[in-house]
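Contents: one structure, followed by commentary.
Residue numbers (our numbering): 1 to 122.
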């Protein structure tokens, strides 16, 4: 199931430094971000066969709903000091994006259309 965790953040006179290390098995192979999401839009709507992902809002906020076939939950990503770790089996949708939201996604696998499962759990 998806795990909401804190990212170590150090506040200094020179600014804040947030560090996320060793989040994903097999390291990070893909990095992308989502921004300028039109109001009312839903992103995601899938799960994976192999890919584990870490979601971090760099700016703004969004909600993420996850379902692993046994448990459903909703997580608010509203701080760059939070990270939502998605397991491959987590069917996930992202919605309620603020207009300034920038959602950073780190993945432990490169993109492959064959890794996607678009059907939600029954």
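Beta carbons: idealized from backbone N, C-alpha and C, even for Gly.
What are the boundary residues of the beta strand (DSSP E) that includes residue 16? In the chain shown, counting from the first residue as 1, residue 16 sits at position 16. Its beta strand (DSSP E) spans residues 15-19.
Given residue 157, which residues of its chain have a CB within under 8 Å of its CB, disregarding the five upstream and five downstream residues? The structure shown does not extend to residue 157, since the chain is modelled only from 1 to 122, so the question has no answer here.
I need the boundaries of the beta strand (DSSP E) containing residue 12, first residue and last residue. Looking up residue 12 in the chain shown gives position 12. In the DSSP annotation of this structure, the continuous segment of the beta strand (DSSP E) that includes residue 12 starts and ends at 8-12.
Ordered along the chain, which non-local residues of its own chain (more than five positions away) have a Cβ less than 8 Å from that of residue 111? Locating residue 111 in the chain shown gives position 111, where the first residue counts as 1. 30, listed in sequence order.
Return the chain-ordered list of same chain residues with a C-beta closer than 6 Å to the C-beta of residue 59, the five sequence neighbours on each side being excluded. For this step, residue 59 is matched to residue 59 along the chain shown. Answer for residue 59: 100 and 102, listed in chain order.
Range of the contiguous beta strand (DSSP E) that encloses residue 82: Walking along the chain shown from the start, residue 82 turns up at place 82. Run containing residue 82: 82-86, per the beta strand (DSSP E) assignment.
Strictly by DSSP, which residues pair up with residue 95? On the chain shown, position 95 is the one that residue 95 refers to. Its beta-bridge partners are 63.
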